[in-house]
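Student:
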Amino acid sequence: MNCKKAISVLLAVLLVVCFSVTAFAADDNGRVVSRTVEQYDNGAYAVITVYDNTTARGGTKNGRKDFDYYESGSLAWTFTVHGSFSYNGSSATCTAASYTYNINKSEWYRVKGEAYPSGSAAIAKGVMQKKSTGKRVYPTVTLTCTPNGVLA
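Under mature numbering (1 follows the signal peptide of the UniProt record, and there is no 0), the letters of the sequence shown match residues -25 to -1, 1 to 127, in that order.
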């Protein structure tokens, strides 16, 4: 094997390894489908992000929708709906729904929460309360799936 060919093969192998490492280093959260911001009168805001966590192809989707609540410019808490869906091109059905939450500012806590499937949607409702003021926020987070398997 001549030197040029050996270098070409070596470069090809290095490229494959580099791209493989990059693929495995992808965010564990899944692929971001959409991100929107809701602004509130008191200066607080929510960042709402849809993630597609599907690993298998065809007919099923798994995803989540995060409701990140920011107060004074920093993340206070996150309320998330998780959903599993089946779809076939003409309809979609939510087969499972659950919720999780994460508190980033200790002055907040979860009062209650629930999640349920409804047609082609996974719905989670919660009540978050601030200890010092009694202020309550009522996140309702809905993750939907289209008949073609697009999460929103």
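Where a beta carbon is used, it is the ideal one built from N, C-alpha and C, also for glycine.
(1) Thinking Met103 and Val116 are a contact (beta carbons under 8 angstroms), I'd like their distance in whole angstroms, please.
(2) To the nearest angstrom, how far is the alpha carbon of Asp43 from that of Gly94?
(3) Give the DSSP bridge partners of Asn79, in chain order.
(4) Within its chain, find whatever has a CB closer than 6 angstroms to the CB of Asn77; leave out the 5 residues flanking it on each side and keep chain order.
(5) Taking DSSP's pairing of strands, which residues face Arg85 in a bridge?
(6) Provide the residue span of the beta strand (DSSP E) that contains Val125, from first to last.
(7) Can you give me the start and stop residues for the beta strand (DSSP E) that Arg39 sits inside?
(8) Please name the residue, chosen from Tyr84, Ala99 and Pro114, that lies closest to Ser107 on a Cα-to-Cα basis.
(9) Report all residues from its chain with a CB closer than 8 angstroms to the CB of Val125; omit the five preceding and five following residues, and keep chain order.
(10) If distances are taken between C-alpha atoms only, which option among Glu46, Arg39 and Gly38 comes closest to residue 159?
(11) Work out the CA separation of His57 and Gly5 for me, nearest whole Å.
Tutor: Concretely, from the data shown:
(1) Here residue 103 corresponds to residue number 128 of the sequence shown, with the count starting at 1. Here residue 116 corresponds to residue number 141 of the sequence shown, with the count starting at 1. Contact flag wrong, Cβ pair sits at about 12 angstroms.
(2) Here residue 43 refers to the residue found at position 68 when the sequence shown is read from its first residue. Here residue 94 refers to the residue found at position 119 when the sequence shown is read from its first residue. Note on geometry: alpha-carbon atoms of Asp43 and Gly94 lie some 25 angstroms from one another.
(3) As a working mapping, residue 79 is identified with position 104 in the sequence shown. Secondary-structure assignment with DSSP links Asn79 through no beta bridge to anything.
(4) Position 102 of the sequence shown, counted from the first residue, corresponds to residue 77. Excluding positions up to five away in sequence, the list reads Thr53.
(5) Position 110 of the sequence shown holds residue 85. Assignment of beta-bridge partners to Arg85 by DSSP yields Met103.
(6) Within the sequence shown, numbered from 1, the residue matching residue 125 stands at position 150. Where Val125 is concerned, there is no enclosing beta strand (DSSP E), given that its DSSP letter is neither H nor E.
(7) As a working note, residue 39 is residue 64 in the sequence shown. Here the beta strand (DSSP E) through Arg39 covers Thr35 to Glu46.
(8) Numbered from 1 along the sequence shown, position 132 holds the residue referred to as residue 107. Sorting Tyr84, Ala99 and Pro114 by C-alpha distance to the C-alpha of Ser107 places Tyr84 at the top.
(9) For the purposes of this step, residue 125 is taken as residue 150 along the sequence shown, with counting starting at 1. Correct list, in chain order: Val8.
(10) Past the boundaries of the shown model lies residue 159; the chain is included only from -25 to 127, so the question cannot be answered.
(11) Mapped onto the sequence shown, residue 5 falls at position 30. Mapped onto the sequence shown, residue 57 falls at position 82. Looking at the backbone, the Cα of Gly5 and that of His57 are separated by about 12 angstroms.
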